[in-house]
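Student:
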Amino acid sequence: MKILKLSFIFFLIISFNHLKANNEDMKNEITKNLRCLICQGQSVYDSDSEFANSLKIMVDKKIGEGLTEEQIYRYFENKYGEWILYDPLFNKNTYFLWLLPLLIFLTGGAIIFKKLIKKP
Amino acid sequence: MKNKFLPLSIIFIFVIIFIIFYKGLQNTNIYTPEVTANNEIPSFSAKLLYSNKIINSSEIFESNKFYLINIWSSWCVPCKQEHPFLIELKKNKNIEVIGINYKDTQVNANKFLDELGNPYDQIIFDKDGTIGIEWGAFGVPESFLIYNYNIIKKYIGPLNNELINEIKLKIK
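Chains as they are written, first to last, in my numbering: chain C, 130 to 249; chain V, 78 to 249.
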């Protein structure tokens with residue numbers, strides 16, 4: 130019985146640690162995708178400025194409140210505008226940005242396809 | 078015709094890339110924060126500097142009243158510069174000045190106010206800077222003019238005589 134209790138406690142500790150590690154991973158992922166607005170070319174994850182440190186605490190709090198990654202991005206976008214996100218959203222200002230690689234890829238594909246058809 | 082297709086498409090791609098880079102050259106790479114107007118104030122609960130009492134934002138703000146939220150800290154040099162202007166603004170009865178003490182210690186904050194005077198009707202203690210984030214602030218000093226639960230204007234950096242006169246005109 131004692132062994133059972135001990136193993137139960139051990140299991141609890143392990144699962145709690147796992148949960149914490151998951152949250153830590155999520156926090157790192159999110160802060161890497163947020164731009165430190167007062168630094169030059171640094172993410173919140175990389176920066177040690179007062180602003181970035183507060184943002185890290187805020188991300189922690191929001192994860193603790195049970196918000197999903199997407200909801201946390203929307204929260205910061207709402208506060209600071211789209212510029213805070215490293216990944217630009219798909220809207221009328223960024224159609225070109227998102228579609229150009231696809232366009233180039235298709236053109237390249239078409240050229241290769243044409244050449245292949247021509248050969249035999 | 079078919080032979081021409083490849084060089085033409087390559088030229089076309091290069092022209093597009095050139096246009097993008099050329100346009101990028103013209104853009105300034107210094108980020109200027111968006112000064113959003115007519116935004117609703119955030120709701121938060123925080124500790125007060127003097128009483129250690131937890132207060133909710135709904136207890137601070139009333140409708141049809143002007144408020145100036147000022148984010149400050151004792152370690153911030155520009156805050157010292159703007160302080161006399163806040164004391165000057167406090168003489169105006171139409172506005173309430175609320176301070177958010179950003180990442181500071183109670184001892185240093187009290188010393189700062191004893192030395193330079195206290196223009197604030199209430200001071201919120203923001204030890205970890207998260208209340209500042211709720212307001213969408215970048216650092217210290219920063220001020221928000223509020224009317225009817227809305228942010229009318231955001232001032233990034235220290236207030237000066239010109240800006241204080243602008244605020245006075247708005248709250249007349």
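Glycine residues also receive a C-beta, built at the ideal position from the N, C-alpha and C atoms.
Please list, in chain order, the chain C residues whose beta carbon lies closer than 8 Å to that of V:L190.
Tutor: Those within 8 Å of V:L190 in chain C number zero; the least Cβ separation is about 21 Å.
Student: Alpha carbon to alpha carbon, how far is C:A181 from V:S151? Give it in angstroms, no decimals.
Tutor: Roughly 20 Å between the two C-alpha positions.
Student: Mind checking which residues open and close the alpha helix (DSSP H) that includes V:S128?
Tutor: No alpha helix (DSSP H) contains V:S128, which DSSP labels as neither H nor E.
Student: Closer than 7 Å by beta-carbon distance: list the chain C residues that pair up with V:I90, in chain order.
Tutor: In chain order: I233.
Student: Secondary structure at V:I254, three-state DSSP: helix, strand or coil?
Tutor: Any answer about residue 254 of chain V is impossible in this case: the structure gives chain V only from 78 up to 249.
Student: Would a check of beta-carbon distances place V:I210 closer than 8 Å to chain C?
Tutor: By this cut-off, V:I210 is an interface position.
Student: In the structure shown, what three-state DSSP assignment does V:Q199 receive?
Tutor: Here V:Q199 sits in strand by DSSP.
Student: Looking at C:K190: is its Cβ nearer than 8 Å to the Cβ of V:T207?
Tutor: Against a cut-off of 8 Å, the Cβ pair of V:T207 and C:K190 comes out as a contact.
Student: Along the chain, where does the beta strand (DSSP E) containing V:S220 start, and where does it finish?
Tutor: E219 to Y224 is the extent of the beta strand (DSSP E) around V:S220.
Student: Alpha helix (DSSP H) containing C:I192: first to last residue?
Tutor: Where C:I192 is concerned, the enclosing alpha helix (DSSP H) stretches over E179 to G193.
Student: Leaving out five residues on either side along the sequence, give the residues of the same chain with a beta carbon under 8 Å from the beta carbon of V:A114.
Tutor: Low local confidence applies: a pLDDT of 48 at V:A114 is under 50, so the model's placement there is unreliable, and no value is given.
Student: From the DSSP secondary-structure annotation, give me the bridge partner or partners of C:R203.
Tutor: For C:R203, which the question treats as bridged, DSSP gives no partner whatsoever.
Student: Are the C-beta atoms of C:S176 and some chain V residue less than 8 Å apart?
Tutor: No, C:S176 does not count as interfacial toward chain V.
Student: Using DSSP with H/G/I as helix, E/B as strand and the rest coil, what is V:K245?
Tutor: Of the three classes helix, strand and coil, the one that applies to V:K245 here is helix, per DSSP.
Student: Check the Cβ of V:F215 against every Cβ in chain C and list those closer than 8 Å, keeping chain order.
Tutor: Under the 8 Å cutoff, chain C gives L166, I167 and F180.
Student: Going along chain V in order, which residues have a C-beta closer than 8 Å to the C-beta of C:T160?
Tutor: None at all; the shortest Cβ gap to chain V is about 13 Å.
Student: Round the Cβ separation of V:G176 and V:I210 to the nearest angstrom and send it over; I've been treating them as touching at under 8 Å.
Tutor: About 17 Å; that fails the 8 Å criterion.
Student: State the DSSP-derived secondary structure class of C:V173, mapped to helix, strand or coil.
Tutor: Residue state, collapsed to three classes: coil.
Student: Apply the 10 Å Cβ neighbour rule to C:G195 and answer buried if 16 or more other Cβ atoms are within range, or exposed otherwise.
Tutor: It counts as exposed.
Student: Take the Cβ of C:M187 as the centre, count every other Cβ of all protein chains shown within 10 Å, and call the residue buried at 16 or more, exposed below.
Tutor: When all chains shown are included, C:M187 counts as buried.
Student: Whose C-alpha, out of V:N185, V:N147 and V:V174, is nearest the C-alpha of V:I233?
Tutor: Taking only the C-alpha atoms, the option nearest V:I233 is V:N147.
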